[in-house]
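Visitor:
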Amino acid sequence: MNFFETMMLFDTHTMLGVLFWINLFLGAIVLTFETTIKTINDKEYIHKAVLIRIAYSAAYLLLSLYEMLPIIMSLNLGYSILFICFYLDACLMLSFLSDAGKGRQLILKVMLGTGIIAFNLLEVFFSNDAIRSVVVSCVIMSIYAVPTMSFVIKKNNSRFKRVIGGFYVLFLVALFPRIIIPIVEILDNGASVHDISIAHSGFYLILVIITICGIMSTLLFIKERSDTMLENMALSDQLTQIPNRHCFLLNANVLFPKCQREKRELSVMLADIDYFKKINDKYGHPFGDKVLMHTANLIRSAIRKNDYFIRYGGEEFIIILTRADEGRALASGERIRKLIEKATIYNEEKDTKVKITISIGIATNDKSGLPIDDLISNADKALYKAKKTRNQVSVFGVKKR
Numbered sequence: 015m016n017f018f019e020t021m022m023l024f025d026t027h028t029m030l031g032v033l034f035w036i037n038l039f040l041g042a043i044v045l046t047f048e049t050t051i052k053t054i055n056d057k058e059y060i061h062k063a064v065l066i067r068i069a070y071s072a073a074y075l076l077l078s079l080y081e082m083l084p085i086i087m088s089l090n091l092g093y094s095i096l097f098i099c100f101y102l103d104a105c106l107m108l109s110f111l112s113d114a115g116k117g118r119q120l121i122l123k124v125m126l127g128t129g130i131i132a133f134n135l136l137e138v139f140f141s142n143d144a145i146r147s148v149v150v151s152c153v154i155m156s157i158y159a160v161p162t163m164s165f166v167i168k169k170n171n172s173r174f175k176r177v178i179g180g181f182y183v184l185f186l187v188a189l190f191p192r193i194i195i196p197i198v199e200i201l202d203n204g205a206s207v208h209d210i211s212i213a214h215s216g217f218y219l220i221l222v223i224i225t226i227c228g229i230m231s232t233l234l235f236i237k238e239r240s241d242t243m244l245e246n247m248a249l250s251d252q253l254t255q256i257p258n259r260h261c262f263l264l265n266a267n268v269l270f271p272k273c274q275r276e277k278r279e280l281s282v283m284l285a286d287i288d289y290f291k292k293i294n295d296k297y298g299h300p301f302g303d304k305v306l307m308h309t310a311n312l313i314r315s316a317i318r319k320n321d322y323f324i325r326y327g328g329e330e331f332i333i334i335l336t337r338a339d340e341g342r343a344l345a346s347g348e349r350i351r352k353l354i355e356k357a358t359i360y361n362e363e364k365d366t367k368v369k370i371t372i373s374i375g376i377a378t379n380d381k382s383g384l385p386i387d388d389l390i391s392n393a394d395k396a397l398y399k400a401k402k403t404r405n406q407v408s409v410f411g412v413k414k415r
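Be aware that the sequence shown starts at 15, since it is given in this note's numbering, and climbs by one per residue.
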């Protein structure tokens, strides 16, 4: 027997005891992590993770008392709780995806129900260690396969989620010996899989590893989502869900020099909703918010996908038109102005339809390039001219440095 085989040999009670204490310990660690969480939603994830760990510990405790308790309490109840824990773990994993999907949740419920029923029926009529080993491994594989494939296959997943999905693929593959070896053993010489063996010990080692990594993944998922939320808050306008002024400056510092190097023309369009203060005063700020969202949606629908649309502040918006000279920028501005002019916004409180207009100032960068501040200043001057008569598009002439 080599060193690796020696290190893999553990008896069942020892491994169940290790799993019991590890889950309790990790549950306590996760609970302390709650103090760093600010959002209610993430706190709920922490509470779920802790409760799942406690349930895992209860299941492993019942399984470890196999020789002391009736079989129906130790094996039947213990494994049923364990299956439920695996199901809850899988659901928790799916909840970190942008689109968990009701179909996947339904599949998990079917897998859980089928697994519990099949295990308990087989335990009643064919109580056998090898059969038990195969069924338990199959149930675990079928439950974890759903979130694992979702993590690996979904295109919009982050690289971190794909890595975690790849790890769970290895975990599922490692379960195959737990299915194959018991079948071979029982067909060959009837040996019990609960004898100390590499396959048996390896199964419990996999459970230890997946328990530790599962908790680490949960905490990292929460951190990843919190970081993404903070990034969105820093770079997006929360009302209109479009990039904000800070995001504009970050993109502009990259885009403008790039256009200058490539000798490409670029236009900046500064748009301002006419009489917005009067709209707020007359209809209230909630309706003013509705006007901002409606205007943002209309502008977004009127520009190209490769153009940049930003809420610059208050009722002002900026559109960066790439590869657009004066003529194209003016045509785009007129298209936006007419689209908003034709639209109406319904005010429920006063049961009336409100029409709005927009004024637009345009400045175009020639191929020699203008500094960002100068281009915005030119667009602002053009907007000031358009605001004199309202509902107009004004173009500032190209000014070379």
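We put the CB at the ideal spot given by N, CA and C, even for glycine.
For the alpha helix (DSSP H) containing R259, list its first residue and its last residue.
Guide: Where R259 is concerned, the enclosing alpha helix (DSSP H) stretches over R259 to R275.
Visitor: Does the contact criterion of 3 or more C-beta pairs under 8 angstroms hold for the segment 371–381 versus the segment 342–360?
Guide: The segment 371–381 vs the segment 342–360: in contact.
Visitor: Do you know how far the Cα of L111 is from the Cα of L102?
Guide: Their Cα atoms are separated by approximately 15 angstroms.
Visitor: Between Q119, V124, F133 and K116, which lies nearest to S94 when the distance is taken from Cα to Cα?
Guide: It is F133 whose Cα lies nearest to the Cα of S94.
Visitor: Apply the 10 Å Cβ neighbour rule to T309 and answer buried if 16 or more other Cβ atoms are within range, or exposed otherwise.
Guide: It is buried - the Cβ of T309 has at least 16 other Cβ atoms within 10 Å.
Visitor: Let me know if T46 comes out buried or exposed under the rule of 16 or more other beta-carbons within 10 Å of its beta-carbon.
Guide: Exposed: under 16 other Cβ atoms inside 10 Å.
Visitor: Answer with buried or exposed for Q255, where buried requires no fewer than 16 other C-beta atoms within 10 angstroms of its C-beta.
Guide: So Q255 ends up on the exposed side.
Visitor: Would G129 and S164 qualify as a contact pair, given that the criterion is a beta-carbon distance under 9 angstroms?
Guide: No, the pair does not count as a contact, with Cβ atoms beyond the cut-off.
Visitor: Determine the extent of the alpha helix (DSSP H) in which E137 is found, giving its start and end residues.
Guide: Residues K116 to F139.
Visitor: Whole angstroms is fine: what's the gap from D251's alpha carbon to I60's?
Guide: Distance between the alpha carbons of D251 and I60 is about 28 angstroms.
Visitor: Measuring straight from C-alpha to C-alpha, what distance separates K52 and N142?
Guide: Rounded to whole angstroms, K52 to N142 spans 49 angstroms at the Cα level.
Visitor: Skipping 5 residues on each side, what residues in its chain have a beta carbon closer than 8 angstroms to that of A343?
Guide: For A343, where only same-chain residues beyond five positions count, the Cβ hits under 8 angstroms are S281, M283, L335, I376, T378 and V409.
Visitor: Does chain B have any CB closer than 9 angstroms to the CB of F331?
Guide: Of the protein chains in this structure there is only one, and it is not chain B.
Visitor: Whose C-alpha, out of V177, L264, A104 and I178, is nearest the C-alpha of I154?
Guide: For the residues V177, L264, A104 and I178, the minimum Cα distance to I154 belongs to A104.
Visitor: If you draw a straight line from the alpha carbon of N392 to that of K399, how long is it in whole angstroms?
Guide: The straight-line gap from Cα to Cα measures roughly 11 angstroms.
Visitor: Which of the three DSSP states is assigned to A285 in this structure?
Guide: It is a strand residue.
Visitor: Using only CA atoms, which one of E329, K304 and D321 lies nearest to I287?
Guide: Nearest of E329, K304 and D321 to I287, Cα basis: E329.
Visitor: Using the three-state DSSP reduction, which class does K319 fall into: helix, strand or coil?
Guide: It is coil, neither helix nor strand.
Visitor: If we count the other Cβ atoms within 10 Å of its Cβ and call it buried at 16 or more, is R146 buried or exposed?
Guide: When all chains shown are included, R146 counts as buried.
Visitor: Taking the alpha helix (DSSP H) that A104 falls in, what are its first and last residues?
Guide: Residues L91 to L108.
Visitor: Do you know whose CA, among K319, V64 and L253, lies nearest H299's CA?
Guide: Answer by Cα proximity: L253.
Visitor: Take Y326 and list the residues in its own chain whose beta-carbon comes closer than 6 angstroms to its own, dropping the five residues that flank it on each side.
Guide: Contacts found: R259 and I332.
Visitor: How would you call V187, buried or exposed, if buried means at least 16 neighbouring beta carbons within 10 angstroms?
Guide: Its Cβ having fewer than 16 others within 10 Å, V187 is exposed.
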